[in-house]
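*Asks:*
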Amino acid sequence: MLEHIKRTKNILLVEFLFPIILSVVLVVLFETHLLIDGSWEEYKTQEFVVQTVMEIITICSIPIALRLFKFRMVSCQLRSGRDDAARRLLFWGSIRIVMLCLPMVVNTLLYYLFGLNVAFGYMGIILFLSLFFINPSLSRCIEETEPENETLK
Numbered sequence: 000m001l002e003h004i005k006r007t008k009n010i011l012l013v014e015f016l017f018p019i020i021l022s023v024v025l026v027v028l029f030e031t032h033l034l035i036d037g038s039w040e041e042y043k044t045q046e047f048v049v050q051t052v053m054e055i056i057t058i059c060s061i062p063i064a065l066r067l068f069k070f071r072m073v074s075c076q077l078r079s080g081r082d083d084a085a086r087r088l089l090f091w092g093s094i095r096i097v098m099l100c101l102p103m104v105v106n107t108l109l110y111y112l113f114g115l116n117v118a119f120g121y122m123g124i125i126l127f128l129s130l131f132f133i134n135p136s137l138s139r140c141i142e143e144t145e146p147e148n149e150t151l152k
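If you read the sequence shown in numbering that gives the first Met the number 0, its first letter stands for residue 0, the second for the next number, and so on.
This is how it looks when you write it as structure tokens:
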């Protein structure tokens with residue numbers, strides 16, 4: 000069982016680090032002018048709509064992602080004590096990571112495409128900081144898959 004949890008932790012760690020690295024690469028490419036920023040700057044109406052949608056996605060995804068493993072359905076699946084807990088942890092952990100990382104990368108890209116619109120930058124930073132609350136460490140993976148009766152001790 001522990002081998003499966005370690006493997007799951009490694010997969011989740013790659014899923015966790017890849018979007019962060021991708022966002023850093025985007026920042027470096029735009030800041031060194033290898034990619035041209037502000038190419039969508041003239042689309043003000045679309046910028047407003049995209050910004051509003053990204054604000055709603057950001058505001059909704061952070062609390063849901065941070066509380067995902069507290070929902071009864073998810074918690075019961077992870078803590079059932081069955082042999083497939085690592086597989087379920089991989090599924091739900093991946094969903095949680097995607098809920099924060101995908102909007103972070105999109106906000107980073109939109110920040111530059113819409114000519115350094117700070118709203119996208121701030122949302123990307125907030126999502127990045129939220130990632131540290133779901134860091135897939137081995138101890139967290141073990142704790143999140145412990146059966147219910149063992150967590151009461």
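A virtual CB, placed ideally from N, CA and C, is assigned to each residue, including glycine.
Might you give, ordered along the chain, the residues of its own chain that have their beta carbon closer than 6 angstroms to the beta carbon of residue 133, omitting 5 neighbours on each side?
*Replies:* Hits under 6 angstroms: 95.
*Asks:* Label residue 103 either buried or exposed according to how many other C-beta atoms from any shown protein chain fall within 10 Å of its C-beta, with 16 as the threshold for buried.
*Replies:* Its Cβ being crowded by 16 or more others within 10 Å, residue 103 is buried.
*Asks:* Got a sec? Which residues, its chain only, sit under 7 angstroms from residue 40 by beta carbon, not counting five neighbours each side?
*Replies:* So the qualifying residues of the chain are 113 and 114.
*Asks:* When we look at the beta-carbon of residue 76 and count the other beta-carbons within 10 Å, is it buried (16 or more) or exposed?
*Replies:* It counts as buried.
*Asks:* Would you decide whether residue 15 is buried or exposed? Buried here means 16 or more other CB atoms lie within 10 Å of its CB.
*Replies:* With 16 or more Cβ atoms within 10 Å of its Cβ, residue 15 is classed as buried.
*Asks:* Using only CA atoms, which one of 51, 17, 111 and 139 lies nearest to residue 99?
*Replies:* Among 51, 17, 111 and 139, the Cα nearest to that of residue 99 is on 17.
*Asks:* What do you get for residue 60, buried or exposed, if any count of 16 or more other CB atoms within 10 angstroms of its CB means buried?
*Replies:* With 16 or more other Cβ atoms within 10 Å, it is buried.
*Asks:* Assign residue 54 to one of three DSSP states: helix, strand, or coil.
*Replies:* Looking at residue 54 - three-state DSSP - the assignment turns out to be helix.
*Asks:* Have a look at 107, 58 and 79 and flag the residue whose alpha-carbon is nearest the alpha-carbon of residue 30.
*Replies:* Minimum Cα distance to residue 30 is reached at 107.
*Asks:* Taking the continuous alpha helix (DSSP H) assigned at residue 3, which residues delimit it?
*Replies:* Where residue 3 is concerned, the enclosing alpha helix (DSSP H) stretches over 1-30.
*Asks:* At what residues does the alpha helix (DSSP H) containing residue 119 begin and finish?
*Replies:* Per DSSP, residue 119 belongs to the alpha helix (DSSP H) from 117-130.
*Asks:* Reducing DSSP to helix, strand and coil, say where residue 77 ends up.
*Replies:* Of the three classes helix, strand and coil, the one that applies to residue 77 here is helix, per DSSP.
*Asks:* Any contact of the stretch 52-67 with the stretch 116-124, i.e. 3+ C-beta pairs under 8 angstroms?
*Replies:* These segments touch.
*Asks:* Under the three-state reduction of DSSP, which class applies to residue 114: helix, strand or coil?
*Replies:* Coil at residue 114, not helix or strand.
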